[in-house]
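Start counting the sequence shown at 210; every next residue gets the next number (this note's numbering).
Please read the structure below before turning to the comments.
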Amino acid sequence: MFIIVNHAIRDAGRFWGDLRAAGAPPEGTRVHQMLPSADGASAVCLWEADGVDTVRSLVEKTVGSSSSNTFFAVDASNAMGLPK
Numbered sequence: 210m211f212i213i214v215n216h217a218i219r220d221a222g223r224f225w226g227d228l229r230a231a232g233a234p235p236e237g238t239r240v241h242q243m244l245p246s247a248d249g250a251s252a253v254c255l256w257e258a259d260g261v262d263t264v265r266s267l268v269e270k271t272v273g274s275s276s277s278n279t280f281f282a283v284d285a286s287n288a289m290g291l292p293k
């Protein structure tokens, strides 16, 4: 399943540093796109995983202290441009 994460970034230096330090996501979980805003205040990510809770747990553990995050499952039947 595909999951969107919206990040409202409070501390950009810490956010990106924590992501780099975390390394690759665990097997079975994949980040297809990470799209940061030009001003560094927000980012949208497209994940693929077995469920929203899997991604939520990973994201909150990694960047939860430097961003406020919202999550939702993608309706693949109506989406455009999803990875194959």
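The beta-carbon is built from N, C-alpha and C at its ideal position, and this holds for glycine as well.
Residues bridged to residue i [DSSP beta-bridge criterion]
i	result
H216	A252, N278
E257	F211, R239
P245	A252
Residue i versus residue j - alpha carbon distance
i	j	result
L228	T279	17 Å
R239	E257	5 Å
C254	Q242	5 Å
A233	T271	12 Å
C-beta contact flag for residue i and residue j at 7 Å
i	j	result
I212	V268	no
A230	S251	no
R223	S275	yes
G249	A285	no
Residue range of the unbroken alpha helix (DSSP H) whose run includes residue i
i	result
D227	221–231
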